[in-house]
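Everything in the sequence shown is counted per the numbering used here, starting at 82 for the first residue and increasing by one.
Built from N, CA and C at the ideal position, the CB exists for glycine as well.
Comments concern the structure below.
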Amino acid sequence: MNETATRAWARMRELVVERHDRRKEVVDTLGMSFVKAKALRFLAAHPMTMRELAEQLLTDRPYATVLVDDLERRGLVARAVHPDDRRSKIVTPTAAGRAAAAAASEILGRPPAGLLELSERDLSTLDEILARISD
């Protein structure tokens, strides 16, 4: 294994996962578990069936149902019969759900101060490198 690649990966992981993990801020701001906020963000991108949501969350349908039940009680999502398959339910965020998803996305998308202090050239180079390895 390439020692430099291992070191670079460790630094990226530390930066994102350990030093600037914004999940707790999302949980505190929205007053719900991070997985519920994650579900809302998926649903804000586009309404989904329970099955699709479970797949996106990498969980089973019964647990997705528990999550959606709570989000529905909070007035953040609504369930309706799927227009193409009456046996299926489609979950859609309400206006409050879209606002909560937007708040979570804003928190998660906020770059750390150290990144904002880099020069435009360094940021551009970093962006290009990350784009190449993300493919």
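Under the Cβ criterion (8 Å, minimum of three pairs), the segment 88-102 does not count as touching the segment 141-153. Of the candidates R160, R202 and A184, A184 places its Cα closest to the Cα of M113. Under the DSSP assignment, S169 falls in the beta strand (DSSP E) whose first and last residues are D166 to P174. Rounded to the nearest whole angstrom, the C-alpha separation of L152 and R202 is 43 Å. Selection E209, T206 and P193 evaluated against E95 yields P193 as nearest (Cα-Cα). The beta carbon of R179 sits closer than 6 Å to those of A125, all from its chain and outside the five residues before and after it, given in chain order. Residue environment for A182: buried (at least 16 other C-beta atoms within 10 angstroms of its C-beta). Residues of the same chain with a CB within less than 7 Å of the CB of L189, apart from the 5 flanking positions on each side, are R103 and V107 in chain order. In this structure, A120 keeps its C-beta atom at 9 Å or more from the C-beta atom of L139. Within the segment 116-199, the alpha helix (DSSP H) runs of at least 4 residues that lie entirely inside it are, in chain order, 131-138, 142-154, 176-190 and 194-197. Each residue's CA atom was taken as its position, placing M131 and I171 some 7 Å apart. The alpha-carbon of L157 is positioned some 34 Å away from that of A212.
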